[in-house]
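The next block holds one structure in the form of structure tokens; read it before the comments.
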Amino acid sequence: MEPIQHNNSGINNVSDIQRPDKHHIKGKYELILNWYKVNGKNLLDEEILVGLEINTLLKILGNPIWNDIYHCWAIEAKHIPYIQAYVQHQFNTDKFSYFIEVYHNQ
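What follows is the structure, given as structure tokens:
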């Protein structure tokens, strides 16, 4: 597999995205992409990330701290190439700020 150019995300190549982390997180989660107007406070829309597993998301985001309660992370331009395949919304960082929220479904 070819190396990924965007190495700031903690991902070195495509196989790193597909491999679960050694700290495998169990349970069912709903991952939701939210977007806001740049510098805005009101939610414009949201979309469920279909097929994206929590362990894969954590790798894309560079393995942020996980405490299994609730999480919301800002999405940066370096993350977009990895996330775009899971949503219909076309990212536009000039107009919108993006966040992914994770909810644990019990």
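Letter 47 of the sequence shown, counting from 1, is numbered 47 in UniProt numbering, and no numbers are missing. For glycine and all other residues, C-beta sits at the position ideal for the given N, C-alpha and C.
Given residue i as reference, the closest of the options once Cα atoms are compared
| i | options | result |
| --- | --- | --- |
| A77 | G51, V102 and N92 | N92 |
| N39 | N105, D94 and Y103 | D94 |
| T56 | N34, K37, Y29 and E47 | Y29 |
| E101 | V87, W73 and L52 | W73 |
| L31 | K37, H71, N42 and K41 | H71 |
| residue 112 | K37, N42, L52 and K41 | The chain is shown from 1 up to 106; residue 112 falls before or after that span and cannot be answered. |
Buried or exposed by the 16-neighbour rule on C-beta atoms within 10 Å, applied to residue i
| i | result |
| --- | --- |
| I75 | buried |
| I65 | exposed |
| V50 | exposed |
Residue i - partner residues in DSSP beta bridges
| i | result |
| --- | --- |
| L43 | Y36 |
| V87 | For V87, which the question treats as bridged, DSSP gives no partner whatsoever. |
| E101 | I32 and C72 |
| I80 | Answer is none; I80 lacks a bridge partner. |
| residue 116 | Look at the range of the chain in this structure, 1 to 106, and you will see that residue 116 is not part of it. |
Proximity below 8 Å, CB of residue i to CB of residue j
| i | j | result |
| --- | --- | --- |
| L44 | F96 | yes |
| Y82 | I54 | no |
| E47 | L58 | no |
Residue i - containing alpha helix (DSSP H), residue span
| i | result |
| --- | --- |
| I54 | I54 to I60 |
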